[in-house]
Amino acid sequence: IAYSRIEGDVIVCSAYSHELPRYGIKVGLTNYASAYATGLLLARRHLLKIGLAETYKGVEEANGDDYNVEKEGERAPFRAVLDVGLARTVTGAKVFAVMKGVADGGIDVPHSETRFFGYNSETKYNAEAHRDRILGKHVADYMTLLKEQDEDAYKRHFSRFIAANIGPDDIMDMYKKAHEAIRNNPAREAKEPKE
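Numbering-wise, the sequence shown is residues 481 to 675 according to the numbering used here.
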């Protein structure tokens, strides 16, 4: 989360996918589900920082439904506007996974469900498909498929998952537990000073 000044942008709060192992996501830090978790971490961390974490809790469990934060009590929700920069804004892009995580985390982000995974112009928005993507079901399905079709390719492609002892049946639970852990303690871990 940043704002602009003449001297340059000022970063107010940040979260990175390399912080996710602390919450139980040891591998797959660049996929759609991890992008959502990073957005959720950013939202919860920022709301904690500005004292709105208890007022605006967001979505308790990722369900894929479109969610917009509404005013509760005296203080309005924090509002952020998505700046995609040079990222391609195609339906289902990871930048929208981060935005969904931020919105589900309790920050008001003006958006439309037309950019979420699971949307198409004929059938409209499929929240269940988006929920599955948020929880990494696509990774689990591909792991299962590849394991059945080509064991060597599976071992090459998912070597880090295998080393971390994470199978296709563990992925969705891993993300659910991570979301819960993020909600319980989104604060940044203090770095130890270098000697």
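We treat Cβ as the ideally placed atom computed from N, Cα and C, and that holds for glycine. On a predicted model such as this, the values are computed, not experimentally measured, just so you know.
In this chain, the alpha helix (DSSP H) harbouring V582 covers K574 to D584.
The residue from P501, G504, L566 and S494 with its alpha-carbon nearest to that of L527 is S494. Nearest neighbour of F558 by Cα position, chosen from Y547, A583 and E541, turns out to be A583. Between the region 577-593 and the region 547-558 there are three or more C-beta pairs closer than 8 Å, enough to call the two in contact.
Judged by DSSP secondary structure, V490 falls within the beta strand (DSSP E) whose first and last residues are G488 to I491.
With respect to the C-alpha of Y622, the residue from D649, Y503 and A644 having the closest C-alpha is D649.
Within the region 570-649, no run of beta strand (DSSP E) at least 3 residues long lies entirely inside it.
Unbroken alpha helix (DSSP H) stretches of 4 residues or longer found wholly inside the region 495-568: 512-530, given in chain order. By the neighbour-count definition (other C-beta atoms within 10 Å, threshold 16), P666 is a buried residue.
Between N511 and V619, the beta carbon gap of about 6 Å places them in contact (Cβ cut-off 8 Å).
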